[in-house]
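Trainee: Chains as they are written, first to last, in the working numbering: chain X, 12 to 231; chain Z, 192 to 330.
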Ligand code: SF4
Ligand code: SF4
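(1) Pull up the DSSP beta-bridge partners for residue 131(X), would you.
(2) Reducing DSSP to helix, strand and coil, say where residue 214(Z) ends up.
(3) Compare the Cα-Cα distances from residue 236(Z) to each of 321(Z), 287(Z), 257(Z) and report the closest residue.
(4) Indicate, with yes or no, if ligand 2 has a heavy atom lying under 7 Å from the CB of residue 189(X).
(5) For residue 54(X), which residues in chain Z fall below 7 Å Cβ to Cβ?
(6) So the beta strand (DSSP E) residue 232(X) belongs to, where does it begin and stop?
(7) Counting Cβ pairs, one atom from each stretch, are 3 or more of them under 8 Å apart for the segment 78-98 of chain X and the segment 36-55 of chain X?
(8) Output the residues surrounding ligand 2, defined as those with a CB atom closer than 6 Å to any ligand heavy atom, in chain order.
(9) For residue 76(X), write down the residues that DSSP places opposite it in a beta bridge.
(10) Establish whether the CB of residue 20(X) and some CB of chain Z are separated by less than 8 Å.
(11) In whole angstroms, what separates the C-alpha of residue 229(Z) from that of residue 216(Z)?
(12) Give a yes or no on contact between the segment 83-98 of chain X and the segment 111-127 of chain X, applying the rule of three or more CB pairs nearer than 8 Å.
(13) Once you ignore the five residues that flank residue 27(X) on each side, which residues in its own chain have a CB closer than 7 Å to its CB?
(14) Under 8 Å between the Cβ atoms of residue 44(X) and residue 57(X)?
(15) Considering only C-alpha positions, which residue in the set 222(X), 25(X), 167(X), 63(X) is nearest to residue 211(X)?
(16) Comparing the C-beta of residue 277(Z) with each C-beta of chain X, is any distance below 8 Å?
(17) Which whole-angstrom value is the C-beta distance of residue 295(Z) and residue 253(Z), which I expect to be below 8 Å?
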């Protein structure tokens, strides 16, 4: 899941201030799961903005709508019938959602209401943790299903730093030491010998540095 | 505290609060006329931040939630959840310059059981301590 958090309300109000007809656009996928941009959050933000506008006697129209996915063309085109009624879209999708809507409706400004965060997991109600950096060359097999790039504070690929205490990371004792977990898991599966390999520094060219990454599938 | 009140209050309440049946609701509505709008909930945990915001946006000077006493929620965590949502709503309205006291919570007490009508009086007294909401332009 892609996580996000709502921007400060003052920043949002500043960005929408030139506009009179505003569509607050939620996304019912990842950002709904992390309670930042789903139907409920779109309703809350729209109501908050209407309250703020009424307090200041500003004459604005603010409505909300939520798409199943804001990053998929088939869902975005459903805005075709209504988008003409608005001067601006305030998107609660992640950065990909904002740009996807902007590309399909180039004549309408699309403003982000979220700060897009990380690829993560829902650990508990109201608690999300980063678990993948999207490096483009997954090494989870070698590390027993625990990602040292996302979960080791020093991104070490060849064993622990030696600073962990009772299984907690020395940089942040609130998090488990990824290497402690890696060794436990590989031991459990009788696969500790995978750590005898020397892993060279990560080749980040598969993540970034060559423009946007693409996936093309002929079978789709 | 009867008849013409100068404030409008949205009162959400857990139906497990004593004397919160249909008859009591009708009596309260009669007593406060349009000053209190009552919203019974099967559990205060069903209250969402958006309910409180919409009440402030659409008609209310103040929105209150009445919960059962802590530790007594039939669904275990409902009243704790309501408390967190009240906190969240207060932070949201404070962020746009509205007094956070416009959102209130009354958590029932095990030792001093009060009826819905008692709670309504407390909430209305508190509402009258605040000026009318700047969200609604009333004469
Ligand atoms: S826009 Fe796409 S990637 Fe972004 S939150 Fe919505 S579904 Fe997820
Ligand atoms: S190795 Fe790369 S793809 Fe695999 S979990 Fe870690 S960051 Fe994500």
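Even glycine gets a Cβ: it sits at the ideal position worked out from N, Cα and C.
Mentor: Considering the structure as presented:
(1) 141(X)
(2) helix
(3) 257(Z)
(4) no
(5) 241
(6) In the structure as shown, chain X begins at 12 and stops at 231. Residue 232(X) is therefore absent and cannot be evaluated.
(7) yes
(8) 143(X), 144(X), 145(X), 146(X), 149(X), 150(X), 151(X), 158(X), 160(X), 161(X)
(9) 36(X)
(10) yes
(11) 7 Å
(12) yes
(13) 33, 99, 101, 122
(14) no
(15) 167(X)
(16) no
(17) 7 Å
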